[in-house]
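Visitor: Sequential numbering from 378 applies to the sequence shown in this note's numbering.
For every residue, glycine included, the Cβ atom is placed at its ideal position computed from N, Cα and C.
Remember, it's a predicted structure, so these values are computed and weren't measured experimentally.
Sharing a structure with you now.
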Amino acid sequence: MTTFNLGDKVPDFTLPTTNGEKFSFVSHQNQHRSWHLIIFFRGSWCPVCNHDLKELEESKSFFEGKNVHLISISTDQLDNLKEMVDKHNLTFTVLADEDLKTLKAYDVFYHGEDAPYEDHGTHGEPAYFLVDENGQLLYQQRQTSPFGRPSSTELRKIVQYIGKNLKTN
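What follows is the structure, encoded as structure tokens:
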């Protein structure tokens, strides 16, 4: 099991986007030199996820104003994610991790066939990672169910709090 401590460098990943391109985290980070909020969500079929992603879209200008790029990742099929992005007019990056490599690298909980309760089949659960411009972890939260995840408002507070209280070397 992978354990991340605050300040650890997070793993790189390359995944397909809903607009047909390949997204490399390290390349994007090197190009933008900004913080990134990496959000794992259950899938296009999840009403709680859809609500949360729409709220993030509404808050996108806040995050951009704090130089934070939003990246969302699901184990759902790319075609399903494309439909969801189009339906909700999402403009931040949405990635498909169908082979579960990134989910495993970030040790995100996977609700597999062996899970002790029935829950919409197999899928990744919500997780959140705030990463600085050097790829170092500033915040993390991993869920084992759809509930208890931070709202868009709470994520905004987390970004503000960490930005205000970040130690300088």
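If you measure between the beta carbons of T394 and L477, is that distance less than 8 Å?
Guide: Cβ atoms of T394 and L477: not closer than 8 Å.
Visitor: Do you know offhand how far L392's Cα is from L480's?
Guide: 11 Å
Visitor: Span of the beta strand (DSSP E) holding R533?
Guide: No beta strand (DSSP E) contains R533, which is instead part of the alpha helix (DSSP H) from S529 to N542.
Visitor: Whole angstroms is fine: what's the gap from V462's alpha carbon to E434's?
Guide: 11 Å
Visitor: Within a Cβ cutoff of 8 Å, which residues of the same chain sit near N466, ignoring the five residues on either side of it in sequence?
Guide: E434
Visitor: Using the Cα positions of G525 and E398, report the straight-line distance between them to the nearest angstrom.
Guide: 32 Å
Visitor: By the 10 Å Cβ neighbour count, where 16 or more other Cβ atoms means buried, how is L447 classified, buried or exposed?
Guide: buried
Visitor: Cβ of H428 less than 8 Å from any chain B Cβ?
Guide: The chain inventory of the structure shown lacks chain B, comprising one protein chain alone.
Visitor: Pairing CB atoms from the stretch 506-520 with CB atoms from the stretch 407-426, are three or more of them under 8 Å?
Guide: Short answer: they touch.
Visitor: Would you report the Cα separation of M378 and Q513, rounded to the nearest angstrom?
Guide: Confidence is the limiting factor: at M378 the pLDDT is only 44, short of 50, which leaves the residue's position unreliable, though a coordinate-based value still follows. Taking the straight line joining both Cα atoms gives about 19 Å.
Visitor: Alpha carbon to alpha carbon, how far is H428 from N457? Give it in angstroms, no decimals.
Guide: 16 Å
Visitor: Distance check for L455 and T380, CA to CA, integer angstroms please.
Guide: 28 Å
Visitor: For K459, which of P523, S529, N396 and P388 has the nearest alpha-carbon?
Guide: N396
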